[in-house]
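For the sequence shown, my numbering gives the first residue as 13, with consecutive numbering after it.
Built from N, CA and C at the ideal position, the CB exists for glycine as well.
The structure under discussion appears below in the form of structure tokens.
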Amino acid sequence: MQNRVGILILTGVIALLSIYYLSFTFVSNSIKKDAEVYATNAEGKVDFSKKQRYVDSLWKEPVYLGNTLQEVTERELGLGLDLQGGMHVVLEVSPAEILRGLAGGTRDPKFEQALKKAVDAQKAGNSKFVDSFIDAYKDLAPNTKLATIFANSANRGKINFQSSDAEVRKLINDEVDGSISRAFQIIQARVDKFGVANPNIQRLPGTGRILIELPGVDNPERVRRLLSGAAKLEFAEVYTLNDVAPALDQLGAYLVQMEAERKAAAQKAAGTTAGASTDTTGKDNSLAAQLAQKNQTAKGDTAKKDTSATAAQNAALTSLFVPISQNQLGVYLKDTARANDILERQEVRALFPADAALLWDRKTITTNDNKEILPLYFIRKPGGAAPLEGDVIVDATNDYDERGRPEVTMRMNAEGARKWRALTAANINRPVAIILDNLVYTAPTVQNEIPNGSSSIMGNFTVEETKDMSNVLKAGKLPAPTNIVEEAVVGATLGSEAASAGVISSVVGLVIVLVFVVLYYGRAGLIADLALFVNLFFLLGIMASLGAVLTMPGIAGIVLTIGMAVDANVLIFERIKEELALGKPFKQAISDGFSNAYSSIIDSNVTTLLTGVILFIFGTGLILGFATTLVIGILTSLFAAIFITRIILERYVKNGNTLAFGTSWSKNLFKDSAFDFVSRRKLYYTISSIIIGAGIVSIIFKGFGLGVDFKGGRSYVVRFEKNISTDDVRETLTRELGGAPEVKTYGGSEQVRVTTSYLADVTSPDADKQAEAKVISGISKIQGNPGRIVSSQKVGPTIANDLIFSAMWSILLAVAVVFGYILIRFKRLAFGYGAVVALFHDVLVILAIFSIGNGFLPFSLDIDQAFVGALLTIMGYSMNDTVVVFDRVREYLGENRGRKESIPTIINNALNSTLSRTAVTGLSTLLVLIVLFIFGGETIRGFSFAMLIGVIVGTYSSLFVATPIVVDSLSRDQLAETPATPEVAPTGKPGKPNVRAKA
């Protein structure tokens, strides 16, 4: 093999990088275990607040190779929500509310009618909201210009009464898009409040939606309340340190008292008497002294020495606060949890003015020694409310001042200008805070009274910071609340069980495949197993380096990769066996075997890769995790089989060693096979037609069990202490919900999944709380068998329709892409027809089985996103199998030129020559899928069942559907050229095109 040294160097580099990135996972897990040990009391219970304090104390401290715990956590191979519990939310910005704000509260009934039609069209997934609204309004008021509604004071300077409809349409689209960007920024700030490790927040391309994943969150109601509320923008006065100096002194005394009580309690527990403790140093550690030293005036003022008691008091105070400037305090980021605990105590709040609110800055300040300080503000809110709120903002933009420095300009309406004038006049040379969602974004010093509501905010800003600030200010301009359109809550218990199931299924599946490969190929199988280990190691290393999150479907993808990774080695080994059978020397047989296998390996893996990419593009949540694993797994499998296996084989035979690519029972298993695949193709067509026809009848009269993904509503997994009847649960919940929910056994007779459309169209957090309360109330009435909700899911009608359309387009796109690839590679329409018909055959058969089997089998056969992912993967696997057969058919057709053998004979020989590979790959994949189905857990049981049936159907269609269609198509072409040559079933040895049809 050429470039062997380069391949070895590349392998070494990938291995070192994999070790490096995976090491972060081990370090992070080790620290988490230490935190749990630290927080575990004598009774074995974990104090989670104490555990969090331990993590916080190291969050910004170097813990591994100069990386802080935060950086280590960000680089670890994280677990998805389904493996550790947490919350998945998809938010949608309400475009109807944005348009109402732009319209300035118009009372035009046609405007409201058009909005309603646009909302209905959006639910149906027909078109974009703005386009639907404008089309509907023009239908209702064909002679009315849009400017008559939208040309108002809120949009002054952008449009006027003479503006065209096109100009107004552009304004509306810009405002809707801008509101999504602002909402994304606001949600990012809100997510930071949860203190969640590795939160995932991203905009979903092509939609007005935002995806948020919060691992480990155990308070869904708080999440719903904070994420779905409209942004709250406020302007308020700031108390200076001089204003609150007495309160700070009293806080220092309180901290000294707390420390004395803690020491007394510790000494009492140790059996000693606490003595008086005084500070005799006389050193002044007060905040005032530190600030005076930091900002010493030219007059040379110095701080007077305190008494020992005061010094101790001030030392306690400085152990909590850090002086930032003469008028600004902060807290080290690692101490913020402790600071919050102290500052929120009732006795501490009583020390400060009654109208003082203690708020944090939105970002930290990094010190020279790379420590991070979070500034703290004492905000004045008379009566608990700020004197000015964001609804008065008309516009805000990022700009430059006369010196070219970035600044922000904002403009207020008449009411806002009047209040802003009073606020600025009262605070000249004092700071005024701009607050969003109780985080201080900036607190500029007022230089003079601002009489007209037009202001400039200047400071040491970057362009990005001024853009962010202008977005923040505009967030208060329009009422644009976000609605939760999809939600999933997974309890920690269920997540832990899923993780255990995933580990068990992975290990068992891996062991079974390794043993099977050795039993079939002998010592050569050990080489394949070594390449398989390298593949798995590289797969996990690359996932860690990309920051991928491991989910339960991701584990399924790893298990499936293990099964399918065998395929490339099987193709290579079978080709080498053929070359050895021709009497070639061992080294030559290895070289030619690899060369002849490349075409099949590349073609088969590229088709699977294409479907994986489509899954990656269209998938969200768990399916995205599966697609990520599948795509990476295909690439690592190719590398391991083509390069690692070859290097090991060539190294082994370098000194004249030989290998037997088989064992005593397997070496002659498929030798000289002469199965007649093509002559009975009409029988196979009939069998497939009967199954598909029965499925169509079942779909028409019975339909599918649609998951909550595709029909909308709410779904709850409820676990009881003892076995429970689904009828009992359905009966008691029907009375509570006012309608019969769908109740199915889920993963055991003591656990059920409840799906209901109760309040499905209501998106407010209160609706979620009401629906959950109804379910809890219902299950609590089942006597003697308490139940609890361990996970929940919610999908709004809009996103449900979108998912249906997305699924349909995904399948059609996969078919089109595969057809195009095969047409390019095989250059004959016959192969494209065979591939496409086989794909549709597989999809229809799976759909038929899921419709017919729904309600009869003891596990869920719901059609949901996971099912669509399985369907696309099945299509990829089926094409993998089909392309390998097609590749051999193409080879035999090329060898047959000038020999005039019949198409059925050639193709039958080709099928027999690949039979060993088809059987070994199919069986190894089935083995791991059976393990996944048994041990993988209820979360993906329907998914693994679809995959299991799909592999069987895909293998069947490759042999008995796709290739026979190629036979019929090519035979028609051959008959057109030589009409006197009838078709006769082949009778000779397979594997070589040496049998001729009778004349």
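Ordered along the chain, which non-local residues of its own chain (more than five positions away) have a Cβ less than 6 Å from that of P798? E733
Given a threshold of 16 other Cβ atoms within 10 Å of its Cβ, counted over all protein chains shown, does L490 qualify as buried or as exposed? Reliability of the predicted coordinates at L490 is poor, the pLDDT of 48 falling under 50, and the value obtained from them is presented with this limitation in mind. Buried is the call here.
My output table needs one value for K129: the three-state DSSP class, helix, strand or coil. helix
For the alpha helix (DSSP H) holding A434, just list the boundary residues, first then last. 426 to 437
What residue from V901, S925, L927, N924 has the CA that sits closest to I915's CA? V901
Can you give me the start and stop residues for the alpha helix (DSSP H) that T619 sits inside? 598 to 630
Compute the distance between the beta-carbons of L70 and L81, then report whether it is under 7 Å. yes
Distance, Cα to Cα, N669 vs L594? 19 Å
Could you please give the first and the last residue of the uninterrupted beta strand (DSSP E) stretch that includes L370? 368 to 373
Starting from T409, trace the beta strand (DSSP E) in both directions and tell me its first and last residue. 405 to 412
For the beta strand (DSSP E) that contains P870, what are its first and last residues? That residue, P870, is in no beta strand (DSSP E); it is neither H nor E in DSSP.
Of all the options E590, T648, I588, I602, which has the alpha carbon lying nearest to the alpha carbon of N617? T648
For a test of the three-state rule: what should DSSP assign to Q340, helix, strand or coil? strand
Look up E499 in the DSSP assignment and say whether it is helix, strand or coil. strand
Could you have a look at G1003 and say whether DSSP puts it in helix, strand or coil? With a pLDDT of only 40 at G1003, under the threshold of 50, the placement of this residue in the model should not be trusted; the figure read from the coordinates follows. Residue state, collapsed to three classes: coil.
Do you know offhand how far A153's Cα is from G113's? 20 Å
Give me the Cα-Cα distance between S175 and K839, rounded to the nearest whole angstrom. 56 Å
Per DSSP, what are the beta-bridge partners of M470 in this structure? E419
Please confirm if the stretch 558 to 567 is in contact with the stretch 36 to 56, defined as three or more CB-CB distances below 8 Å between the two stretches. no
How do the stretch 410 to 429 and the stretch 360 to 378 stand: do at least 3 beta-carbon pairs fall below 8 Å, yes or no? no
Determine the direct distance from the alpha carbon of A974 to that of V897, and round the result to whole angstroms. 9 Å
Inter-residue spacing [alpha-carbon to alpha-carbon] between Y697 and T917: 19 Å
Can you give the Cα-Cα distance for L650 and S792, rounded to whole angstroms? 54 Å
Rounded to whole angstroms, what's the CA-CA distance from A639 to M99? Just pull it up for me. 21 Å
Is it buried or exposed, I977, if we count other Cβ atoms within 10 angstroms and call 16 or more buried? buried
Expressed to the nearest angstrom, what Euclidean distance is found between the alpha-carbon atoms of F545 and A108? 54 Å
Which of the three DSSP states is assigned to Q279 in this structure? helix
Less than 7 Å between the beta carbons of A1017 and F364, yes or no? The requested residue 1017 is not part of the displayed model; the chain covers only 13 to 1011.
What three-state label does DSSP hand A362 in the structure shown? coil
For R16 and K666, what's the separation of their Cα atoms in angstroms? 14 Å
According to DSSP, what are the bridge partners of K756? R765
Among the residues of its own chain, which have a CB less than 7 Å from the CB of L856, if the five just before and after it don't count? I704, G707
Check whether R535 and L671 have beta carbons under 7 Å apart: yes
Buried or exposed for Q358, please, with buried defined as at least 16 other CB atoms from any protein chain shown within 10 angstroms of its CB. exposed
Hey, how far is the Cα of I222 from the Cα of V102? 6 Å
Which stretch, first to last residue, makes up the beta strand (DSSP E) that contains T454? 451 to 454
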